[in-house]
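Residue numbers (my numbering): 17 to 211.
Ideal placement from N, C-alpha and C gives every residue a C-beta, glycine not left out.
Comments concern the structure below.
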């Protein structure tokens, strides 16, 4: 959940500094149909920044921006439906939104979609597709995908065991600060998996 909060704040900071509009101007531009301002307004309502915190309004504006294929809005709305933030959990809807964002190049959406395929949440379980999507996200630098894929290769989960490849992925992720990767490397060193 902390990760989503940071993403919301990053979008809010980026959008606000990019346009340097007042809150009233952002609201007006959102009403006029500007997708970036709709996204910014959604974040404002989600976090209660400049307006009264209101999840229903946040969802309304995320949906407006997502309907215009705004990648960040697609991802955020996917997270909202996946986690039931102000709405009932709807994994099918979350998967569809992540798929749209992934098709537009959003690596976080690709990773989340991979996890859904891995466990069959909101989609038909498809471990091979999950590995393919994790690989796409990992190749684009997503550290969480690198860690998950590294674990799969070290343990031979779904993929043919390849300790060298798995440890390489874990090291890459650890060097970028992923604590889970650091933990796994330490664990595998203690288990003498790595020679």
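Practice prompt. Classify residue 85 as helix, strand or coil using the three-state DSSP reduction.
Written response: Within the chain shown, residue 85 is the residue found at index 69, counting from 1. It is coil, neither helix nor strand.
Item to complete: Determine the direct distance from the alpha carbon of residue 75 to that of residue 116, and round the result to whole angstroms.
Response: Position 100 of the chain shown, counted from the first residue, corresponds to residue 116. Position 59 of the chain shown, counted from the first residue, corresponds to residue 75. Cα to Cα, the separation comes out at about 17 Å.
Discussion item. Between which residues of its own chain and residue 194 is the CB-CB distance below 6 Å, once the five residues before and five after are set aside?
Written reply: Here residue 194 refers to the residue found at position 178 when the chain shown is read from its first residue. Answer for residue 194: 159, 163, listed in chain order.
Discussion item. Please classify residue 180 as buried or exposed, where buried requires at least 16 neighbouring CB atoms within 10 angstroms.
Written reply: Here the question's residue 180 lines up with position 164 in the chain shown. The residue is exposed, with fewer than 16 neighbouring Cβ atoms inside 10 Å.
Practice prompt. Following the continuous alpha helix (DSSP H) through residue 112, name the residue where it begins and the one where it ends.
Written response: Sequence index remark: in the chain shown, residue 112 carries index 96 (1-based). Annotation: the continuous alpha helix (DSSP H) that includes residue 112 extends over 107-119.
Fill in: Three-state class that DSSP yields for residue 76 in the structure shown
Start at 1 with the first residue of the chain shown, and residue 76 comes out as number 60. In the structure shown, residue 76 sits in a helix (DSSP, three-state: H, G or I).
Worksheet item: CA-CA distance, residue 97 and residue 81?
Response: Counting from one through the chain shown, the residue named residue 97 turns up at place 81. Counting from one through the chain shown, the residue named residue 81 turns up at place 65. Each residue's Cα considered, the two are about 15 Å apart.
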